[in-house]
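First up is the structure itself, then whatever we jot down about it.
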Amino acid sequence: MDATVKTHFIGKEDKAPAKPSFVLWRPSAKTGLMSWLTTVDHKKIGFLYGSFALFFFLVGGVEALLIRLQLMHPNNTLLTAQQYNTLFTMHGTTMIFLAVMPLGAAFFNFIMPLQIGARDVAFPRLNAFSLWTFVAGAIILNIGWFLPDGAPDAGWFGYAPLTSKLYNPTHATDFWILGLQLLGVASIAAALNFIVTIINLRAPGMTMMRLPVFTWMTLITSFLIILSFPAITIALVEVMFDRQFGTNFFEVSNGGMPILWQHLFWIFGHPEVYILILPAMGIVSEILPTFSRKPLFGYPIVVFSGASIGFLGFTVWSHHMFTTGMGTVATAAFSLATMAIAVPTGVKIFNWIGTLWGGHLKMRTPMMFALGFIWMFMIGGFSGVMHAAAPADAQQQDSYFVIAHFHYVLIGGSIFALLAGIHYWFPLVIGRQVSDFWGKLSFWVIFVGFNVTFFPMHFLGLNGMPRRTFTYDGNMGWNTANYIATIGALILGVGIGLYFAVMIYTFFKGEKANRDHWDGRTLEWSLPNPPPEYNYRVIPTIHARDAYWYEKHHREEIAQENAVHAQEDEAHGGIHMPYQSIYPLVASCGALLGGFGACYHTLVVALAGGLVLLSGIYLWAMEGAEGYHIHLDAEGRIVEDPHAKH
Amino acid sequence: MRLISSPSTLARWVRAALALGGLALLTGCDLNFWTMKGHQSTIDVDGPVAKAQLHVFYVTCWVTLVIFLIVGSVLAYAILKFRARTDADEHAEPPEQGHGNPLIELGLIGASVLALVIIAIPTIEAIGYTYDVPAEDKATAFEVNATAYQWWFKFEYPSEQIAGAGPLVAANELVIPVGRAVHINLRAMDVIHSFWVPKLAGKVDMIPNRGNFLWLKAETPGYYWGQCAEYCGDSHAVMRFRVIALGPRDFNEWVNRQTAPAREVAKVAAADQPKAQFASYRSDWKRNEKGWSPEFELNPFQGWQAQQEPDANHENPALIAQGRALFQSKTCFSCHVIRGHMVGGSGAYPDLTHVGARSTIAAGLLENTPEQLARWISHPDQVKPGNKMYATGYIPNNIKLTPDDVAALVAYLRSLK
């Protein structure tokens with residue numbers, strides 16, 4: 293046996309609780325609403341994360357279309373200034389925190405444990421808490437649409453002192469502050485969970501340098517989250533204190549420093565950019581080898597460049613602040629550090645091309661999106677280098693050139709990769725296969741629409757059109773490009789609509805997919821689709837980097853090994869599964885209530901919410917981490933109802 | 003499927019859609035999209051600072067373009083060459099399972115670093131050059147203080163002191179001498195704004211409690227568009243300003259006119275007064291409707307020059323006197339300074355001493371014509387959303403203006419050359 297392989301077993305045979313009390317009742321519904329609300333299954337949680345994320349992706353998309361329609365013509369009156377400002381604030385906040393991040397989290401949740409051969413994440417109930425707290429944050433952030441105060445309108449970056457009570461007296465800004473705060477809690481909890489899972493729950497033989505690249509990027513992204521979110525947490529607490537208790541962190545008349553907000557925000561905000569793009573790079577690094585039918589070119593360098601992007605990501609925050617008058621030395625330092633990031637990013641692109649080189653490229657929909665990603669991300673990366681040159685950035689900053697740049701990185705980059713990932717793992721997750729024709733058609737419509745929308749914005753920006761402007765005059769030379777961009781946005785909207793129509797159709801009516809639909813290389817493809825709740829009947833033993841590819845070429849060896857391990861597993865009591873729990877949901881409801889209390893500056897409600905949160909966590913601790921065992925027969929059917937013995 | 007019953011129907015629909023789209027494109031088309039020669043172009047610039055920044059942009063542009071062409075060709079070649087064309091291709095034996103080549107990797111890393119050095123050197127040079135007035139220009143540099151408010155700009159000239167009134171103050175139109183370095187101190191009194199005149203220099207933010215500055219130099223006399231470039235609330239989009247660069251003689255003349263107190267209009271006999279001046283103003287302005295005329299657009303610099311001289315033929319002293327009285331009775335004077343005419347106002351509001359000599363009003367949004375002026379003072383809230391004059395002046399003081407009041411106020415303000 294491989295020297296790196298050590299067998300391990302999770303948990304020991306648990307006794308049923310001696311006196312199950314009412315308070316510590318454990319739900320066991322396997323279907324229906326209750327099963328979803330109390331689930332601790334990483335796959336169900338991942339699916340819920342994905343569903344919420346896609347819903348908010350469509351909401352953010354509609355906001356974007358309204359923005360584009362307003363800018364279609366000069367001096368347009370479709371939206372008022374207030375409405376426009378609300379829409380661009382919510383578009384940015386929604387897309388970043390409620391669409392792309394949770395969509396990444398959906399993949400982390402669903403795919404990562406499968407890739408490392410685990411049966412769940414390390415803390416299944418904490419995982420449920422992350423999900424429901426994310427939902428609570430999303431509710432608070434969006435609740436303004438239905439209330440007289442309106443939704444937040446101070447920009448997704450919320451620069452002080454525009455967020456102060458003097459300039460934004462309504463509760464809209466409080467929704468933004470508390471909403472982001474809860475989303476931060478959710479992200480940090482989830483990130484810690486992923487880190488512990490990857491470090492502790494890898495299958496025997498899955499050394500760090502055999503981790504699939506997507507799992508590596510999950511790990512790096514999770515570290516970025518736990519290191520960067522505290523900065524915005526502090527900043528949000530400060531602005532909350534300013535608004536509620538009259539403190540002076542950003543209060544100019546009492547010596548507060550608005551520039552402090554920018555430093556705190558961007559020391560979170562720049563790693564956040566990599567939190568959005570690294571999972572995408574991970575997905576692409578999975579898809580390209582599968583569809584080229586050869587291993588990733590330069591795996592260690594791809595992993596290391598991901599890590600160095602993450603590390604350098606913390607050294608460049610002030611390139612968002614080149615125009616704040618930092619002086620020559622700081623400007624030059626941040627300028628050079630930013631250029632340095634281009635090296636590991638370029639390395640990734642070289643390695644992806646290296647992966648394609650000499651392969652048998654199967655041009656299926658996921659591959660199309662992945663190749664689209666490389667092209668678009670290259671363009672976005674190059675305009676990024678232009679911003680890194682601070683003197684050029686003095687003209688580009690806060691102009692449409694920047695809008696073009698980061699949409700190339702975030703749509704052409706993140707979204708393309710996430711859409712590729714949905715296509716790629718759909719047969720595994722849902723068990724149905726998506727039509728290649730309709731998939732490719734949606735890709736081409738999205739690809740064309742995206743470029744028609746955002747390429748002209750480079751010209752707009754260089755021609756001096758500032759961003760976040762609800763109107764412009766017709767004499768500035770911006771009419772044509774804006775008109776084209778709006779047409780492009782409509783095409784893009786049609787493409788996204790088509791994409792989701794295809795997905796929803798396939799979800800209900802699609803043909804059943806074969807096991808290992810794409811001839812995959814990583815472990816998750818060894819599972820039946822959709823994967824059973826316990827994932828792996830036998831915890832696999834890993835012998836090579838592309839574990840499943842190896843297995844497919846060493847069937848007998850692996851089968852013998854698995855038979856031995858199955859017996860050992862059975863001797864230890866069978867497949868260990870955690871109990872479901874209602875308390876993560878209770879705790880998140882407490883966070884939601886407390887958040888509302890804080891939004892309305894009502895101490896009683898805030899404290900009540902805090903109390904519910906604490907009781908939820910207390911009971912969650914008291915009910916214990918017990919689980920039950922599943923026993924399977926030779927065909928993989930569950931032979932004994934785990935709850936029957938209680 | 004009934005809607006698109008046959009390929010020919012589909013084709014007809016497509017053709018109609020294309021024709022519509024094409025027509026719309028043509029009607030709205032301007033070459034500016036490609037040439038980027040708009041009023042706020044960062045490509046067609048006119049000053050050493052903007053030129054230095056443009057130079058760095060071109061360096062980044064060329065370097066990345068070359069890399070894109072090389073990497074893009076390799077990528078395109080790989081996609082075309084190694085594509086599985088047939089089903090047999092897809093089910094062929096898998097290709098060689100190679101894991102990479104460290105030498106190629108190292109070579110590419112080295113090449114990327116080299117390309118970045120090509121960009122880094124001019125970047126560092128330009129960071130130093132664009133930061134502050136060069137040593138050789140220091141002695142002749144002209145000093146201005148620019149202060150941003152929601153949603154307008156105040157310009158102060160510390161070198162042009164007026165006895166008993168402090169430095170010369172103007173609003174929303176910054177007049178500078180040509181060929182001299184101008185050092186602009188940037189301040190903000192409420193939220194963060196940003197000072198951006200694309201043709202002269204990149205932006206620098208105006209941040210409360212922070213002493214920022216920038217420098218720029220105009221090489222030819224002219225009229226330059228500027229705009230706030232940091233989101234600053236409701237009316238950020240319409241917080242604009244202008245920079246007018248004048249030759250030495252013109253500039254001195256301008257300073258002399260501006261440092262003088264507000265102009266008094268000579269009394270003339272009732273019989274000589276023009277009647278029905280500014281009689282009918284449009285009142286059906288749409289929200290966001292453009293506020294400039296094609297003639298002004300054709301030659302804005304000339305338009306600005308034309309505003310400097312009073313148009314005695316169209317001045318009605320009685321109406322002007324009435325407007326002056328209204329300016330006091332409607333409490334306008336408690337915020338706006340009109341130096342020499344009345345005591346009141348403060349530096350936190352636009353100085354109107356010479357408002358008639360500006361080419362624009364409402365922070366560079368509307369052309370300074372009687373009609374636009376009437377539009378502005380009749381419904382400030384509709385011209386600029388969230389407008390402070392409306393929120394903290396009109397509403398608390400219950401200011402209501404009849405059309406006659408508006409005509410009189412317009413006549414008065416227009417006379418302030």
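Top line first, the protein sequences correspond to chains Y and R. Each number in our numbering comes from the position in the first sequence (counting from 1) with 292 added on. Each number in our numbering comes from the position in the second sequence (counting from 1) with 2 added on. Think of the CB as a built atom: it goes at the ideal place given N, C-alpha and C, for glycine as much as any other residue. Since the structure is predicted, the reported quantities are computational estimates derived from the model, not experimental observations.
Residue 721 (chain Y) versus residue 823 (chain Y) - alpha carbon distance: 7 Å
Beta-carbon proximity check, residue 207 (chain R) vs residue 215 (chain R), cutoff 9 Å: no
Within-9 Å CB hit, residue 617 (chain Y) to chain C: As a matter of chain content, chain C is missing from the structure shown, whose protein chains are Y and R.
Pairwise C-alpha distance: residue 853 (chain Y) and residue 816 (chain Y): 18 Å
CB contact below 9 Å: residue 297 (chain R) versus chain Y: no
Per DSSP, cross-strand counterpart(s) of residue 724 (chain Y): Y:804
CB of residue 360 (chain Y) within 9 Å of CB of residue 455 (chain Y), strictly: no
Contacts of residue 652 (chain Y) in chain R (Cβ-Cβ under 8 Å): 84, 86, 91, 92, 94, 96, 97
Reference residue 228 (chain R), options Y:554, Y:552, Y:687, closest by Cα: Y:687
Supposed contact pair residue 66 (chain R) and residue 939 (chain Y) - C-beta distance, whole angstroms, cut 8 Å: Residue 939 (chain Y) lies beyond the residue range present for chain Y, which begins at 293 and ends at 938; the question has no answer from this structure.
Under 7 Å (Cβ pairs) to chain R, residues found in the stretch 660 to 688 of chain Y: 663, 666, 670, 674, 677, 678, 681, 682, 683, 684, 686, 687
Pairwise C-alpha distance: residue 518 (chain Y) and residue 894 (chain Y): 30 Å
Top-ranked residue by Cα proximity to residue 419 (chain Y), from Y:706, Y:483, Y:439: Y:483
Nearest-angstrom beta carbon gap, residue 727 (chain Y) and residue 794 (chain Y) [assumed within contact, 8 Å]: 7 Å
Exposed unless 16 or more other CB atoms sit within 10 angstroms - verdict on residue 156 (chain R): buried
Limits of the unbroken alpha helix (DSSP H) element including residue 234 (chain R): It is not in any alpha helix (DSSP H) - residue 234 (chain R) carries neither H nor E in the DSSP assignment.
Chain R within 9 Å of residue 544 (chain Y), Cβ atoms only: yes
Coarse secondary structure for residue 448 (chain Y), derived from DSSP in three states: coil
Close-in-space but distant-in-sequence residues of the same chain around residue 54 (chain R) (CB under 6 Å, 5 per side omitted): 128, 131, 132
Residue 600 (chain Y) to residue 820 (chain Y) span [Cα, whole Å]: 36 Å
Under 8 Å by beta carbon: chain Y residues contacting residue 43 (chain R): 754, 755, 756, 769
Every unbroken alpha helix (DSSP H) within the stretch 408 to 458 of chain Y, with a cutoff of 4 residues, ordered by chain: 416 to 434
DSSP state of residue 145 (chain R) mapped onto helix, strand, coil: strand
Near-chain R residues of the stretch 458 to 471 of chain Y (beta-carbon distance less than 9 Å), N- to C-terminal order: 458, 459, 460
Interface partners of residue 391 (chain R) on chain Y, CB under 9 Å: Ordered by position in chain Y, no residue passes the 9 Å Cβ test against residue 391 (chain R), which lies about 16 Å from the chain.
Extent of the continuous alpha helix (DSSP H) to which residue 920 (chain Y) belongs: Segment 919 to 922 is the beta strand (DSSP E) holding residue 920 (chain Y); no alpha helix (DSSP H) there.
C-beta contact flag for residue 886 (chain Y) and residue 897 (chain Y) at 9 Å: yes
Residue 104 (chain R), buried or exposed, once every other Cβ within 10 Å from all chains shown has been counted against 16: exposed
Opposing strand residues paired with residue 156 (chain R) [DSSP bridges]: R:149, R:173
Chain Y contacts from the stretch 196 to 215 of chain R (Cβ-Cβ distance under 9 Å): 196, 198, 200, 201, 203, 204, 205, 206, 207, 209, 210, 211, 212, 213, 214, 215
Host alpha helix (DSSP H) of residue 520 (chain Y) (start-end): 505 to 537
Runs of beta strand (DSSP E) lying entirely within the stretch 734 to 808 of chain Y, each at least 3 residues, in chain order: none
Under 9 Å between C-beta atoms of residue 204 (chain R) and residue 685 (chain Y): yes
Residues within the stretch 429 to 460 of chain Y neighbouring chain R, beta-carbon criterion of under 7 Å: 447, 451, 453, 454, 459
Three-state class that DSSP yields for residue 466 (chain Y) in the structure shown: helix
Residue span of the alpha helix (DSSP H) that contains residue 328 (chain Y), given as start and end: 324 to 329
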